[in-house]
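Asker: The structure's right below; bear with me while I get my questions together.
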Amino acid sequence: ERLRSLGFKQPIIALTADAMHGDMTRCLASGCDAFISKPINTKELIETVARYTQ
């Protein structure tokens with residue numbers, strides 16, 4: 004939320020050990036563009052980063 008309130012426009016991808024559905028909802032509601040939980044799935048990470056860097 005703080006980054007967005009300061010005008011940060013770049014994509015924010017949350018990487019967290021918190022994997023509950025509410026955690027994803029909270030991250031997205033606070034301004035994150037995507038959410039990935041641990042254990043990190045390499046394919047999911049690469050696809051998510053590619054989506055926001057092309």
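Residues in the sequence shown are numbered from 4 upward in steps of one, following this note's numbering. We treat Cβ as the ideally placed atom computed from N, Cα and C, and that holds for glycine.
Taking the continuous beta strand (DSSP E) assigned at Ala17, which residues delimit it?
Answerer: For this step, residue 17 is matched to residue 14 along the sequence shown. First-last of the beta strand (DSSP E) with Ala17: 16 to 19.
Asker: Beta-carbon within less than 6 Å of Ala17's beta-carbon, same chain only, minus the 5 sequence neighbours each way: which residues are those?
Answerer: Reading the sequence shown from its first residue, position 14 is the one you call residue 17. Excluding sequence neighbours, Ala17 sits near Cys30, Cys35, Phe38.
Asker: Would you tell me roughly how many angstroms separate the C-alpha atoms of Pro42 and Pro14, rounded to the nearest one?
Answerer: Locating residue 42 in the sequence shown gives position 39, counting from the first residue. Locating residue 14 in the sequence shown gives position 11, counting from the first residue. So the two alpha carbons sit approximately 21 Å from each other.
Asker: In chain order, what residues of the same chain have a beta carbon less than 7 Å from the beta carbon of Leu48, not counting five sequence neighbours either side?
Answerer: Numbered from its first residue, the sequence shown carries residue 48 at position 45. Taken in chain order, the residues that qualify are Ile39.
Asker: Rounded to a whole number of angstroms, what is the C-alpha to C-alpha distance between Ala50 and Asp21?
Answerer: Indexing the sequence shown from 1 puts residue 50 at position 47. Indexing the sequence shown from 1 puts residue 21 at position 18. For the record, residue 50 in the displayed sequence is Glu; it is not Ala. The straight-line gap from Cα to Cα measures roughly 20 Å.
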